[in-house]
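Enquirer: Sequential numbering from 1290 applies to the sequence shown in my numbering.
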Amino acid sequence: MRRPIIAGNWKMNTCRESAAALIDGLKGEAAESRSDVEVIVCPPFPYLSLAAEKVAGSCIQVGGQNAWHEDAGAFTGETSCQMLKDVGCQWVILGHSERRQINGESDSLINQKTHKALSTGLGVILCVGELLEQREADQTEAVLEEQMTGGLAGVTAESMANVVIAYEPVWAIGTGKVATDEQAEAAHAFLRSWLEKRFNLDVAAATRILYGGSVKPDNAAGLLGQPNVDGALVGGASLKTELFIPIIQAGAASVA
Ligand code: PGA
């Protein structure tokens, strides 16, 4: 059985005080003794150490929102996978659509980062997803295929134990326009069959595929109840405990 993951992508939000308060709220209310769902928070880089200290002793894990694919050197403004590990991260989000679109990240760069993260011992949350015009032009599967093929080039079946896929239709991110349960399930089923073809049945059966894009307490149960949806990557709603906790609970209920 695939254990659901509820991950919070805080993006460029919070300050020292609100980051600490958010984690305290999660620890106290929901995540402390939850073994049926994995909870991951991904704060901005400056608060990762603080987050890692705060989650100690709880089952909440910490991830970075991005990383660079070199170990060290003249890469002004970048953060290595080793640094993320050093400050207590277990995970890193790679290939988020905001990085693809705003920062021009290509599948081949994302692939280099994926290899570095995996060899450093970080779990990778690899984001894929189509633009609205691509969906409307019936190109969703072709886009997913291209991003998966590029992002996972050279990754072995064995390494896939440390990779989670996040399907995030770009038109649903931060827009309040969530994919229907059926749209999400269809894309997830496609991704799982892609994993079977590219790797094998075991990898396809074991890999968690998260949905992301305007997940809220009122739509979480429907999405997480789909057979191929194994959790959520949550942006806006991960910044408020009163919204994030019910989503964690929906994740737990989806396996109950
Ligand atoms: P959203 O963001 O939940 O605010 O739509 C999701 C994401 O970008 O990971």
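No residue lacks a Cβ here, since even glycine has one placed at the ideal position from N, Cα and C.
These figures come from a predicted structure and were not determined experimentally.
Could you tell me if Ala1363 is buried or exposed, where buried requires 16 or more neighbouring beta carbons within 10 angstroms of its beta carbon?
Expert: exposed
Enquirer: Going by the DSSP bridge assignment, what does Val1523 pair with across the sheet?
Expert: Beta bridge pairing from DSSP links Val1523 with Gly1297.
Enquirer: Following the continuous beta strand (DSSP E) through Cys1331, name the residue where it begins and the one where it ends.
Expert: 1327 to 1331
Enquirer: For Gln1379 versus Gly1412, is the C-beta distance shorter than 8 Å?
Expert: yes
Enquirer: Kindly give me the distance between the Cβ atoms of Glu1394 and Gly1418, rounded to whole angstroms, as I take these residues to be in contact under 8 Å.
Expert: Wrong, their Cβ atoms sit about 13 Å apart, outside the cutoff.
Enquirer: Out of curiosity, what's the CA-to-CA distance linking His1358 and His1385?
Expert: The alpha-carbon separation between His1358 and His1385 amounts to approximately 15 Å.
Enquirer: Look at the alpha carbon of Ala1461 and the alpha carbon of Thr1469, and state the distance between them as a whole number of angstroms.
Expert: 10 Å
Enquirer: Which one or two residues does DSSP pair with Trp1483 in a beta bridge?
Expert: The partner list for Trp1483 (beta bridge, DSSP) is empty, contrary to what the question assumes.
Enquirer: Residues in its own chain within less than 8 Å of Gly1514 by CB, not counting five upstream and five downstream?
Expert: If we look at Gly1514 and ignore the five residues flanking it on each side, its Cβ neighbours are Asp1470, Ser1543.
Enquirer: Does DSSP put Ser1386 in a helix, in a strand, or in coil?
Expert: Helix.
Enquirer: When you compare the CB positions of Asp1375 and Gln1436, do they come within less than 8 Å of one another, or not?
Expert: No. Outside cutoff.
Enquirer: Taking all protein chains shown into account, decide if Ala1426 is buried (16 or more other Cβ within 10 angstroms of its Cβ) or exposed.
Expert: exposed
Enquirer: So, using beta-carbon positions, are Arg1474 and Val1432 closer together than 8 Å?
Expert: One detail in the question is off: residue 1474 reads as Glu in this sequence, not Arg. Taking 8 Å as the cut-off, the beta carbon of Glu1474 is found no closer than this to the beta carbon of Val1432.
Enquirer: Select from Ala1521, Pro1516, Glu1430, Gly1440 the residue whose C-alpha is nearest the C-alpha of Leu1480.
Expert: Distance from the Cα of Leu1480 is smallest, within the candidate group Ala1521, Pro1516, Glu1430, Gly1440, for Glu1430.
Enquirer: Could you check whether Ala1361 and Val1381 sit closer than 8 Å to each other, using their CB atoms as the reference points?
Expert: no
Enquirer: Am I right that Ala1561 and Pro1332 are in contact with their C-beta atoms under 8 Å? What's the rounded C-beta distance?
Expert: In the structure displayed, the chain extends from 1290 to 1545; residue 1561 sits before or after that span and is not available.
Enquirer: Let me make sure I understand the geometry here. Which of Leu1441, Ile1536, Thr1530 has the alpha-carbon closest to that of Leu1522?
Expert: Ile1536
Enquirer: Which residues does DSSP pair with Ser1369 in a beta bridge?
Expert: Trp1357
Enquirer: Short of 6 Å in beta carbon distance, which residues of its chain neighbour Gly1353, apart from the five on each side in sequence? Order them along the chain.
Expert: Leu1373, Cys1378, Val1381
Enquirer: So does Leu1383 have its beta carbon nearer than 7 Å to some heavy atom of ligand 1?
Expert: no
Enquirer: Is any heavy atom of ligand 1 found at a distance shorter than 7 Å from the C-beta of Ser1503?
Expert: yes
Enquirer: Measuring CA to CA, which of Lys1486, Asn1451, Val1467 is closest to Gly1409?
Expert: Looking at the sequence shown, residue 1409 is not Gly but Thr. It is Asn1451.
Enquirer: What are the boundary residues of the beta strand (DSSP E) that Val1413 is part of?
Expert: That run of the beta strand (DSSP E) goes 1412 to 1417.
Enquirer: Could you give the distance in angstroms between the alpha-carbon of Gly1463 and the alpha-carbon of Gly1524?
Expert: 7 Å
Enquirer: Using beta-carbon positions only, say whether Asn1400 and Ala1442 come within less than 8 Å of one another.
Expert: yes
Enquirer: Looking at the unbroken alpha helix (DSSP H) that takes in Leu1315, where does it start and where does it end?
Expert: 1305 to 1315
Enquirer: Excluding sequence positions up to five away, which residues of its chain have a Cβ less than 7 Å from the Cβ of Gln1428?
Expert: Glu1419
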